[in-house]
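Residue numbers (our numbering), protein chains in the order written: chain Z, 1 to 217; chain G, 1 to 217; chain L, 1 to 217; chain B, 1 to 217. Cβ atoms here follow ideal geometry from the backbone N, Cα and C, with glycine treated the same way. Reviewing the structure listed below.
4 protein chains.
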Amino acid sequence: MTDFRLNEPCAVPRRRDPASTRRKLLVAARREFSRNGLAGARVDEIAAQAGVNKQLVYHYFGDKDAIYFAVLEWMYDEIVQHERAFNVDGLDPDQALRKLIQSSFDYLEQHPDFVAILNDENRNDAAHVRNLTHFADIRTPLLRIFSRTLSQGVRDGLFRKGVSPEQLYISITALSYFYFSGMPTLSAILGKDLKSKSALRARRKHVVDFVMQSLRP
Amino acid sequence: MTDFRLNEPCAVPRRRDPASTRRKLLVAARREFSRNGLAGARVDEIAAQAGVNKQLVYHYFGDKDAIYFAVLEWMYDEIVQHERAFNVDGLDPDQALRKLIQSSFDYLEQHPDFVAILNDENRNDAAHVRNLTHFADIRTPLLRIFSRTLSQGVRDGLFRKGVSPEQLYISITALSYFYFSGMPTLSAILGKDLKSKSALRARRKHVVDFVMQSLRP
Amino acid sequence: MTDFRLNEPCAVPRRRDPASTRRKLLVAARREFSRNGLAGARVDEIAAQAGVNKQLVYHYFGDKDAIYFAVLEWMYDEIVQHERAFNVDGLDPDQALRKLIQSSFDYLEQHPDFVAILNDENRNDAAHVRNLTHFADIRTPLLRIFSRTLSQGVRDGLFRKGVSPEQLYISITALSYFYFSGMPTLSAILGKDLKSKSALRARRKHVVDFVMQSLRP
Amino acid sequence: MTDFRLNEPCAVPRRRDPASTRRKLLVAARREFSRNGLAGARVDEIAAQAGVNKQLVYHYFGDKDAIYFAVLEWMYDEIVQHERAFNVDGLDPDQALRKLIQSSFDYLEQHPDFVAILNDENRNDAAHVRNLTHFADIRTPLLRIFSRTLSQGVRDGLFRKGVSPEQLYISITALSYFYFSGMPTLSAILGKDLKSKSALRARRKHVVDFVMQSLRP
DNA sequence: AATGAATGAGTTTTCATTCAT
DNA sequence: TATGAATGAAAACTCATTCAT
């Protein structure tokens with residue numbers, strides 16, 4: 001707003017920075033969509049939060065749906081990147097699985113907007129997510145790790161037989177995801193604050209234990 | 001259009017049936033809110049689906065928020081009633097817990113609109129649910145059953161020690177709830193239809209097994 | 001605006017008069033569309049001119065295109081009615097044709113908005129007019145009269161042979177229509193006011209003479 | 001994107017061709033205005049069709065109205081040039097008039113965008129056309145030819161007396177102009193394709209005959 | 001001369017809500 | 001109790017125009 005460097009007129013930073021504008025819009029949109037859902041989100045609010053003219057939403061993305069879609073793509077890219085970075089090489093199945101569970105928990109804790117937006121998508125029958133190019137590819141790396149870890153654990157006598165890797169994948173996700181996604185209602189029902197440091201620590205431990213105990217031979 | 005019985009102008013049957021009208025509005029509203037969320041739902045659509053005039057929404061409920069709240073109360077009553085009817089007397093802890101898990105799964109399967117609406121509530125920080133009178137009471141009966149069953153199972157040497165009944169309650173709910181709530185996205189990720197008869201049966205079995213195995217001493 | 005009959009509370013006229021509202025909207029729309037074309041017309045302006053809330057345009061018609069279409073239908077009905085009322089029975093071909101020409105001239109003079117809207121339609125390739133139900137029916141009565149009058153005049157030795165009734169229909173319309181439709185430009189080119197009483201009288205006479213002279217045997 | 005010839009930065013050929021750019025914009029604008037009218041035309045579309053940046057419309061012309069005006073001037077110049085090239089010297093009045101009528105018909109057939117834009121101008125009360133410098137001059141040459149031809153024909157006993165050259169000018173124009181301007185609606189009414197080769201030939205002949213017959217003594 | 005980002009005012013359309021009967 | 005007209009505020013989206021490079 002105020003320019004503090006009087007002697008460097010050409011160094012005035014960030015006037016006309018399309019990449020930055022686009023990014024600011026996406027950040028604001030992600031926030032707005034996660035708070036209010038697709039239907040409840042306001043284009044005006046997105047622009048205001050991004051600190052730019054409303055028309056730029058249309059200039060960069062086309063319409064409300066399109067920027068929503070761009071947010072989904074962004075979230076998707078983040079996850080793919082996160083999972084690509086994930087590495088359990090050298091760990092025994094027990095350690096690998098613990099790490100997987102914790103990683104899943106931590107990711108959801110750190111990305112509450114992801115949880116919120118995904119819930120809205122699911123209510124809407126994943127209408128947009130379906131159209132993400134190669135969306136299904138998301139499963140390959142993670143499921144492969146699950147499968148390999150599980151079968152190796154079974155072979156090593158660490159895990160019991162008969163557990164489907166897909167069901168296990170759903171269950172591990174469920175145990176963390178629902179905690180965050182259902183937190184407001186759960187807090188009301190249980191009458192306690194579930195997002196306190198200690199509550200989070202307790203839940204994280206419970207999830208790991210719950211799964212590992214279930215897999216005992 | 002034209003009434004052919006001239007002598008009984010008031011005998012025209014079923015025009016004016018307040019109770020029925022109210023019920024039809026609630027049914028339509030539940031459907032509309034579950035499909036589109038609070039923000040996305042349309043008062044026009046609710047009235048149209050109920051087959052009555054839009055003004056009656058305001059006549060019976062006050063405003064959009066109020067009918068949404070009425071839907072929440074209705075859902076809440078249903079659950080309370082369902083849980084009140086729930087009975088594990090005479091069952092040993094193992095059987096009781098299995099029944100609890102299955103019951104939870106079945107209830108969610110049969111009430112997809114409940115799942116959808118609750119998700120929207122959670123995104124909105126449970127703003128309305130909080131205001132349900134005695135909402136917290138919902139926990140008492142169910143948690144008491146959990147606690148009793150769990151501690152008795154531990155005492156009987158059927159279940160391992162150290163599992164918090166609250167965490168167990170969350171986990172059991174999570175394993176079923178997330179399956180339904182995340183179904184559209186999960187289907188896309190896993191590339192299979194999760195709402196088929198066989199998929200539902202498999203998941204139900206997995207959830208019961210997963211929990212029971214985890215509780216082994 | 002002001003109610004002058006104080007003693008008849010139930011006679012207070014025109015609060016809630018849907019038919020009147022719809023009519024007022026149509027009148028305002030016809031005016032607005034004729035002045036500014038479909039693209040240039042403003043829904044706001046239509047509502048303001050009708051003295052009602054803008055939303056009523058959508059309530060009664062759907063959208064801007066729909067009220068435009070309704071205006072076209074109205075104009076079409078007017079013409080059909082006008083032509084249906086047209087009667088040359090008992091007149092000899094010469095008199096009948098003169099009457100036809102004058103009637104055509106007079107109708108266009110009295111309906112300048114018709115001319116303006118039709119021009120816009122034509123620029124837009126008659127996109128809407130095409131969809132008027134039975135639009136083609138408009139030709140039947142008028143063309144039939146032309147054909148009959150013409151052939152009878154030929155038979156009676158009043159008119160020369162070899163004139164196509166369709167060409168004649170187009171020409172008679174053209175001679176009047178273009179005068180009104182092109183009036184602003186023509187006035188500028190010729191440097192005189194073409195809509196003055198005397199100019200109109202002169203043109204009307206010219207058109208009749210021009211056609212009748214042309215048909216001489 | 002990157003220029004690889006470091007020593008001839010300005011030698012990049014044909015980027016920057018002001019005259020060509022201006023021309024391309026005018027061509028695109030004429031097309032756009034004729035299709036959509038002044039109100040319906042889009043500056044974006046004009047630039048896109050011209051294949052240049054939108055800002056150049058403002059650079060070269062000022063604003064939307066100004067480029068519209070430039071199109072009118074262009075059309076006006078074309079007509080003036082066309083009429084200046086027109087020559088009936090050495091022809092007897094009969095032949096001269098036939099040539100005039102045919103020329104008028106042919107010009108309109110070949111310039112449908114002229115017809116479209118003029119219609120829009122007329123709906124708008126010729127607001128822009130009025131301001132064309134020396135616009136009225138357009139009449140001088142053509143009307144003079146009409147007057148001379150007509151009076152000479154009367155003198156020669158070829159044409160009847162009492163026909164106003166101005167009315168004749170309007171009528172001749174009307175008979176051709178309306179055919180093209182009203183073609184979409186007329187086609188719909190008459191149920192036939194009026195722009196086919198044979199239909200055009202028939203109309204052209206009819207117009208010439210119609211006028212010449214009318215002028216018989 | 002040329003580009004594309006950025007702006008603000010406007011324009012259509014939607015929607016919850018109230019009014020009159 | 002029931003209906004449909006009517007309203008005003010707000011929302012999405014458009015568009016001519018200007019700015020910065």
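Pairing G40/L with R22/Z, the inter-Cα distance amounts to about 33 angstroms.
The residue from Y177/G, K192/G, G37/G and L150/G with its alpha-carbon nearest to that of F105/G is Y177/G.
Apart from the 5 residues on each side of it in sequence, G153/B sits with its Cβ closer than 6 angstroms to the Cβ of P93 and F159 in its chain, given in chain order.
Three or more Cβ pairs drawn from the stretch 170–188 of chain G and the stretch 159–173 of chain Z lie within less than 8 angstroms of each other, which places the two stretches in contact. Residues of chain L with a Cβ closer than 7 angstroms to the Cβ of A126/B are, in chain order, P184, T185 and A188.
T133/B places its beta carbon 7 angstroms or farther from that of A126/L. The stretch 194–202 of chain L and the stretch 142–152 of chain B do not touch, with fewer than three beta-carbon pairs separated by less than 8 angstroms.
Taking a cut-off of 8 angstroms for Cβ pairs, the stretch 68–79 of chain B and the stretch 117–126 of chain B touch, as three or more such pairs fall below it. Residues of the stretch 105–123 of chain G with a C-beta less than 8 angstroms from any C-beta of chain Z: A116, L118, N119, D120, E121, N122 and R123, listed in chain order.
Take L142/B, set aside five residues on each side of it, and the residues of its chain with a beta-carbon closer than 6 angstroms to its own are E83, in chain order. Excluding its 5 nearest sequence neighbours in each direction, L97/G has C-beta neighbours in its own chain below 6 angstroms: T149, listed in chain order. If you compare the alpha carbons of V163/Z, S214/Z, Q95/Z and D113/Z with that of V163/G, the shortest gap goes to S214/Z.
E166/B belongs to the set of residues whose beta carbon lies under 7 angstroms from a beta carbon in chain L. Taking all protein chains in view, the Cβ of S34/B is crowded by 16 or more other Cβ atoms within 10 Å, so the residue is classified as buried.
For P112/B, the closest of K195/B, V211/B, S20/B and L26/B by C-alpha to C-alpha distance is K195/B. The alpha carbon of F210/L has as its nearest neighbour, out of I117/B, Y60/B and A174/B, the alpha carbon of A174/B. Residue state for K205/B is assigned as helix, using DSSP reduced to three classes. In this structure, DSSP gives G51/B a state outside helix and strand, which the three-state scheme calls coil.
I46/B places its beta carbon 7 angstroms or farther from that of A19/B.
Against chain L, a Cβ distance below 7 angstroms from R130/B picks out A188.
S164/B carries a coil assignment under DSSP once its states are collapsed to helix, strand and coil. Here A188/Z is not near V80/G, since their CB atoms are 7 angstroms or more apart.
Of the candidates D65/Z, S103/Z and Q49/Z, S103/Z places its Cα closest to the Cα of K205/Z. Burial state of A85/Z is exposed, judged by a 10 Å Cβ sphere holding fewer than 16 other Cβ atoms. Listed in chain order, the non-local C-beta contacts of Y107/G below 7 angstroms within the same chain comprise H82, local neighbours out to five positions each way being set aside.
Not a single C-beta of chain B is nearer than 7 angstroms to the C-beta of A19/L. Neighbours of H206/L in chain B, taken as residues whose beta carbon is under 9 angstroms from its own, are V163, S164, Q167, L168, I170 and S171 in chain order. Counting only Cβ-Cβ distances below 9 angstroms, S214/Z has contacts in chain G at D209, F210, V211, M212, Q213, S214, L215 and R216, in chain order. Where H82/B is concerned, the enclosing alpha helix (DSSP H) starts and stops at K64 to A85. With respect to the 7 angstroms criterion, V27/G and V43/G are not classified as neighbours on the basis of their beta carbons.
For I117/L, the CB contacts under 6 angstroms within the same chain, skipping 5 residues up- and downstream, are F33 and S34 in chain order.
Of the residues assessed, A50/L falls on the buried side of the cut-off, its CB having 16 or more other CB atoms within 10 angstroms. Within chain Z, I170 and A174 have C-beta atoms less than 8 angstroms from the C-beta of Y179/G, given in sequence order.
Scanning its chain for C-beta atoms nearer than 7 angstroms, with the 5 sequence neighbours on each side dropped, one finds around V208/G the residues R98, I101 and Q102, in chain order. Residues of the stretch 47–72 of chain L with a C-beta atom less than 8 angstroms from some C-beta of chain B do not occur.
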